[in-house]
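Contents: one structure, followed by commentary.
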DNA sequence: TATTGAGCTGGAGTGCACTCCATCCATTAC
DNA sequence: GTAATGGATGGAGTGCACTCCAGCTCAATA
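Protein chains in written order, with my numbering: chain A, 663 to 795; chain B, 663 to 795.
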């Protein structure tokens with residue numbers, strides 16, 4: 663498949679795809695006789711995983727390192743495992759942090775609602791983190 | 663308290679604090695006779711909440727909008743409530759997404775471990791999203 | 001009183017992750 | 001044959017959120 667279709671299927675712009683290739687995130691796809699990139703479904707699975715890493719805060723530097731390990735094949739399994747375990751822990755921490763923030767937001771929301779429906783005096787708001795009446 | 667101490671306590675650099683003030687995230691603190699900023703513990707609570715918003719993906723544009731509503735006092739409670747509810751839903755969604763990513767990473771990690779301890783053939787790896795042997 | 005240190009301002013610079021663009025080339029449709 | 005379409009390339013530009021800096025003032029201390 664050519665870059666246009668690949669772009670649509672992966673959800674990444676053609677510019678981003680060429681950029682990812684340039685910085686070493688994507689193995690260079692084969693070219694057709696006219697010099698145009700030809701992607702396989704392997705490439706598709708891979709960019710989808712890249713997007714997972716990216717959307718969970720991994721920087722392109724680390725993604726490039728993982729991509730390079732992946733290119734090394736079996737020999738790099740232990741290293742890839744290390745990276746994934748470290749990343750999973752980061753994701754888990756972030757998820758726990760978000761849960762705490764949700765609780766804090768719920769608390770503030772409840773106070774605002776209390777003020778709006780009159781069950782709370784506006785002055786009670788002052789104890790809500792960072793708010794003012 | 664002066665900006666140096668405030669910076670230490672809040673964990674934001676003095677540059678960032680002045681920047682936040684400039685773009686309307688922070689109510690301008692009083693100045694001492696020499697023209698230096700004097701922060702209160704109210705300011706501290708507020709920047710701490712700003713950091714919560716920031717670290718959960720709210721952009722400075724929206725934070726400035728919230729800050730401006732906060733300056734309006736009681737009249738803006740309904741609007742602030744709206745913003746917080748919308749933001750809480752975003753945070754909740756993100757938390758659920760992270761949980762899914764954790765599961766995916768765990769799956770890949772298990773496969774790599776299987777390959778390392780010999781209970782899985784390297785060729786089985788190919789079914790793991792985006793990997794190659 | 002001289003020096004040191006903290007803080008002030010306006011503006012330039014940085015890093016990240018793209019995104020856009022001009023110009024050129026190949027393929028396909030008519 | 002030619003026009004339209006899609007892709008290639010190198011390099012410049014963008015938006016965000018800071019971060020750094022020069023040159024200054026002010027206050028506390030030896």
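Backbone N, C-alpha and C fix where the C-beta goes; we use that ideal spot for every residue, glycine too.
Test: residue 671 of chain A CB closer than 9 angstroms to a CB of chain B: no
Inter-residue Cα distance where the pair is residue 704 of chain A and residue 788 of chain B: 10 angstroms
C-beta atoms of residue 706 of chain A and residue 671 of chain A nearer than 9 angstroms: yes
Under 8 angstroms from the C-beta of residue 735 of chain B: neighbouring residues of chain A: 794, 795
Per-residue DSSP class, three states only, for residue 692 of chain B: strand
Under 9 angstroms from the C-beta of residue 771 of chain B: neighbouring residues of chain A: 743, 746, 747, 750
Proximity test, residue 746 of chain A beta-carbon vs the ligand FMN heavy atom, cut-off 8 angstroms: You won't find the ligand FMN in this model; it holds no ligand whatsoever.
Residue from B:793, B:760, B:762, B:708 with nearest C-alpha to residue 777 of chain B: B:793
Cβ contact check for the region 716-727 of chain A and the region 744-754 of chain B: 3 or more pairs under 8 angstroms: no
Where residue 700 of chain A sits in the DSSP three-state scheme: strand
Test: residue 700 of chain B CB closer than 9 angstroms to a CB of chain A: no
Assigned secondary structure, residue 794 of chain B (DSSP; H/G/I helix, E/B strand, else coil): coil
Selected residue, minimal CA-CA separation from residue 744 of chain A, among B:767, B:791, B:677: B:767
Simplified DSSP assignment, three categories, for residue 783 of chain A: coil
Within chain A, partners of residue 756 of chain B - CB distance below 9 angstroms: 756, 757, 760
Contact belief for residue 791 of chain A with residue 710 of chain B at Cβ below 8 angstroms, rounded distance in angstroms: 7 angstroms
Where residue 775 of chain B sits in the DSSP three-state scheme: helix
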